Amino acid sequence: MPAASAAVSSDLSPAVVPADFAARVVGWQRVHGRHDLPWQNTRDPYRIWLSEIMLQQTQVSAVIEYFQRFIGRLPTVAALAEASADEVMALWAGLGYYSRARNLHRCAKAVMSEHGGVFPTDPEVLVTLPGIGRSTAAAVAAFSAGVRSPILDGNVKRVFARFFGIHGHPGVKAVENRMWQLADAVLPAKGPAQAEDMVSYTQGVMDLGATVCSRGKPACLAAAASCPLASDCVARREGLTGVLPTPKPRAAIPERSTVMLLVRRGREVLLALRPDSGIWGGLWSLPEMPVDTVPFDAELAEDAALERAREFGNPSTANMVGELTHVFTHFRLLIRAIRVDVAGLTARDAANGPALRWLSLDDLDAVGTPAPVRKLLEAQAQGGLF
DNA sequence: AATGCGGGGAG
DNA sequence: CTCCCAGCATT
């Protein structure tokens, strides 16, 4: 299993970067790729740029209508530059990421004032314009002028992660850097066919990610012939399409804590019935105490436990017997357990009520208890801590 | 290096 | 419900 360091190695040996990578993608695109999207079949950098901005973090299906409407109303960069901010924002409304629209407007004005109204096709120039980053600059340059410059969007990251077996979330800088390195290394060869190949390759590597090397069930699993890269794709060979690309690490789930009472009367322990709604609804658990000191103070808690246990009998001793953590889907619960030994019965022996009962430690299977409570009870049954 | 930005679709 | 989508700008 490749270590994390493998994902960021700088090794670009030919063995892992097939010389015909781009050629395979190009050939596949011309037969199986998408050819009829509204921003294809043009070399107009304005239309290509507009589509690329709209497509940032936005799916193709959502963009199509917005693109048609926008072009219908503002068909040239000059028209966009002259339009009011209100009109631009109205055309964008509903697409999200509205800074894209503000930058779009600023960019059009900059093209008019700084580039004589001629949209640049040099990636190094494009990337200086508002809202155009490295990948968008490369896409505009490739589609409008066949410039040999790599894109790296979500589709490409997925294809690369799988084909090269790159572990680690692509949002991590080192992983992304590695992918940029590869994106440059696999580009179509320089030469007479470069411009047309760049158009097909740039479109193809995105089409591949969108239609074949999809996130859910990549088509290669059903039919290897559906992907031109299947024959030496690391993820396909090693059965890793389900784990690559590495998903974004989940946010740390919050931790809550509680104190549970192990109220002992000889071999018996007191259980409390949970309400039907909420966590562990309807299960028998242990009586709990509010935790009102931060940080937790064991001696205070033991004193409070002694006081609390007067409801259940005559308490003699209270001792922390341990703690354990139980992980739920949306939070982590730290459970501290305090054993309180009681003797005799009081007038308020609430165990006679419906929500409390005594249970023999020799008969744990008699009731349904949450897994962590079961662990506490089993430890009690064996007489020790846990 | 990590976050905010956003509405929508897929699983 | 979570994750992701033809990313970029800002901190």
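Per the numbering used here, the first sequence starts with residue 9, numbered consecutively.
Glycine residues also receive a C-beta, built at the ideal position from the N, C-alpha and C atoms.
Quantities reported herein were computed from a predicted structural model and do not represent experimental measurements.
- In this structure, Ala149 sits away from Pro138, with a CB-CB distance that is not shorter than 8 Å.
- In this chain, the beta strand (DSSP E) harbouring Ile343 covers 340-351.
- For Gly250, the closest C-alpha among the options Leu88, Gly274, Phe171 is that of Phe171.
- By the beta-carbon neighbour count (other beta carbons within 10 angstroms, threshold 16), Pro158 is buried.
- For secondary structure counted as the alpha helix (DSSP H) over 4 or more consecutive residues, the region 179-213 holds these complete runs in sequence order: 181-193.
- By the neighbour-count criterion, in which 16 or more other beta carbons inside 10 Å mark a residue as buried, Phe168 falls on the buried side.
- Under DSSP, Asn327 takes part in a beta bridge, and its partners are Arg347.
- For Cys221, the closest of Gly162, Ala260, Leu369 by C-alpha to C-alpha distance is Gly162.
- With 16 or more other Cβ atoms from the protein chains shown falling within 10 Å of its own Cβ, Pro253 counts as buried.
- No Cβ-Cβ contact shorter than 8 Å links Val96 with Pro196.
- Annotation note: the region 25-93 contains the following uninterrupted alpha helix (DSSP H) runs of length 4 or greater, listed N- to C-terminal: 29-40, 53-62, 68-81, 85-90.
- Counting only runs of 4+ residues, the alpha helix (DSSP H) found wholly inside the region 275-329 occupies 306-316, in chain order.
- A direct Cα-Cα distance of roughly 26 Å separates Val85 from Met214.
- With contacts defined as CB atoms closer than 8 Å, Trp47 and Ile56 qualify as a contacting pair.
- Judged by beta-carbon spacing, Arg347 lies within the 8 Å limit of Asn327, meaning their Cβ atoms are closer than that value.
- By the criterion of at least three beta-carbon pairs nearer than 8 Å, the region 317-325 is not in contact with the region 300-308.
- Around the beta-carbon of His175, 16 or more other beta-carbon atoms lie within 10 Å, marking it buried.
- The three-state reading of DSSP puts Val167 in helix, counting H, G and I together.
- The residue from Tyr105, Glu276, Ser92, Arg245 with its alpha-carbon nearest to that of Arg114 is Ser92.
- A straight line joining the alpha-carbon of Leu190 with that of Ala218 spans about 19 Å.
- Beta-bridge annotation (DSSP): Leu269 is paired with Ile346.
- Between the region 285-295 and the region 370-387 there are three or more C-beta pairs closer than 8 Å, enough to call the two in contact.
- If you check the CB distance, Phe78 and Leu45 do not come in under 8 Å.
- Of the candidates Arg275, Leu332, Phe336, Phe336 places its Cα closest to the Cα of Pro262.
- Of the candidates Gln37, Arg156, Pro255, Leu364, Pro255 places its Cα closest to the Cα of Val180.
- For Ser368, the enclosing beta strand (DSSP E) begins and ends at 364-368.
- By a beta-carbon distance limit of 8 Å, Tyr74 does not contact Leu112. Their separation comes to about 12 Å.
- Taking the Cα of Leu160 as reference, the smallest distance to any Cα among Glu386, Ala70, Ala147 is reached at Ala147.
- About 6 Å separates the CB atoms of Val277 and Leu367; that is less than 8 Å, so the two are in contact.
- Within the same chain, Cβ atoms closer than 7 Å to the Cβ of Leu134 are found at Pro128, Ile140, Ala145, Val148, Ala149, the five residues on either side in sequence being excluded.
- Here Gln202 is not near Gln37, since their CB atoms are 8 Å or more apart.
- As a beta-bridge residue in DSSP terms, Leu332 pairs with Ile343.
- Secondary structure of Arg108 (DSSP, three-state): helix.
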